[in-house]
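Chemist: Numbers given in our numbering equal positions in the sequence shown, counted from 1, plus 22. Ideal Cβ placement from N, Cα and C applies to all residues, glycine included. Note that the coordinates shown come from a computational prediction; the quantities given were computed from them, not determined experimentally.
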Amino acid sequence: MTQRIRLTPNICYMLGVYSCSYKRDQALIEMESEREEFLDRFIKIAIGELAVAPNRLLVRREDRRRLYIAGFYHSKLKRFMDNSMERRDRIFKYRNEHTANYFAGLFDRAGGCDSNGMYLYKIGNENIILMERFGLHTSNAIRTRVRNESAFIMLISKYSLRMQSIVHQPGNERDLR
23 MTQRIRLTPN ICYMLGVYSC SYKRDQALIE MESEREEFLD RFIKIAIGEL
73 AVAPNRLLVR REDRRRLYIA GFYHSKLKRF MDNSMERRDR IFKYRNEHTA
123 NYFAGLFDRA GGCDSNGMYL YKIGNENIIL MERFGLHTSN AIRTRVRNES
173 AFIMLISKYS LRMQSIVHQP GNERDLR
């Protein structure tokens, strides 16, 4: 007997990661990252909450692009994720932990910070509209810039691994002399 998948904050994080996926035509759900801790979270959620068997996980390292890649093939979960993506405007209508985890997954998968501020790379118009609905204003280009960064940081800082590394870089602490 199969169990119905319930949306938890961690599964919403996986939806955020999945919404930036470039290989949406296959039954592959994957995460690419330059840091191992992103893949560790992806694998823990896949095994713990999505009940993916550990022998079904595909983990590899590409030395040419310096990336770690983890993923799994699962047609039922792919169908669940696709249906959730179609209903994302109804799922994420309140500013709560589920929504924060979804945006954290987006930022961990396709976000970054440079000298011009925070950006999200190729996240799609649906996600931009969803961000605008929550008051997270953007400027649209290939790299979608977040205009009000402080509101975005406050929303995802507890849940995003990439945001925690940006916010807590050496030099950002107070000088307590």
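Checking the sheet assignment: what are the DSSP bridge partners for Ile51?
Modeler: Translated into positions along the sequence shown, residue 51 becomes position 29. Answer by DSSP bridge pairing, in chain order: Phe94.
Chemist: Is the CB-CB distance between Thr166 and Ile145 below 7 Å?
Modeler: For the purposes of this step, residue 166 is taken as the residue at position 144 of the sequence shown. For the purposes of this step, residue 145 is taken as the residue at position 123 of the sequence shown. Yes, they are a contact pair.
Chemist: Let me confirm a value: Asp136 is counted as buried when at least 16 other C-beta atoms fall within 10 Å, else exposed. Which label applies?
Modeler: Reading the sequence shown from its first residue, position 114 is the one you call residue 136. Exposed is the call here.
Chemist: Looking only at its chain, what residues have a beta carbon closer than 7 Å to the beta carbon of Arg88, apart from the 5 residues adjacent to it on each side?
Modeler: Residue mapping note: residue 88 aligns to position 66 of the sequence shown, counting from 1. Contacts found: Glu56.
Chemist: Would you tell me roughly how many angstroms separate the C-alpha atoms of Asp85 and Thr30, rounded to the nearest one?
Modeler: The residue you call residue 85 lines up with position 63 of the sequence shown. The residue you call residue 30 lines up with position 8 of the sequence shown. Cα-Cα distance, rounded: 34 Å.
Chemist: Sort Ile51, Asn77, Ile150 and Phe156 by Cα distance to Gly93 and report the nearest one.
Modeler: What you label residue 93 is simply residue 71 of the sequence shown in a count that begins at 1. Nearest C-alpha to Gly93: Ile51.
Chemist: Using three-state DSSP, classify Arg82 as helix, strand or coil.
Modeler: Taking the sequence shown and counting its residues from 1, the one referred to as residue 82 is at position 60. Residue state, collapsed to three classes: strand.
Chemist: Can at least three beta-carbon pairs, one atom from the segment 119-126 and one from the segment 62-81, be found at a separation below 8 Å?
Modeler: Short answer: they don't touch.
Chemist: Enumerate in chain order the residues of its own chain whose CB-to-CB distance from Leu158 is below 7 Å, with the five nearest sequence positions on each side excluded.
Modeler: Position 136 of the sequence shown holds residue 158. Val168, Asn170, Ala173 and Phe174, listed in sequence order.
Chemist: Using a threshold of 7 Å, state whether the C-beta atoms of Phe114 and Ile178 are closer than that.
Modeler: Residue 114 sits at position 92 when you count from the first residue of the sequence shown. Residue 178 sits at position 156 when you count from the first residue of the sequence shown. Not in contact: Phe114 and Ile178 (Cβ atoms no closer than 7 Å).
Chemist: Under the three-state reduction of DSSP, which class applies to Ser41: helix, strand or coil?
Modeler: Position 19 of the sequence shown, counted from the start, is the residue given in the question as residue 41. Residue state, collapsed to three classes: helix.
Chemist: Between which two residues does the beta strand (DSSP E) harbouring Tyr143 extend?
Modeler: For the purposes of this step, residue 143 is taken as the residue at position 121 of the sequence shown. Element bounds for Tyr143: Gly139 to Tyr143.
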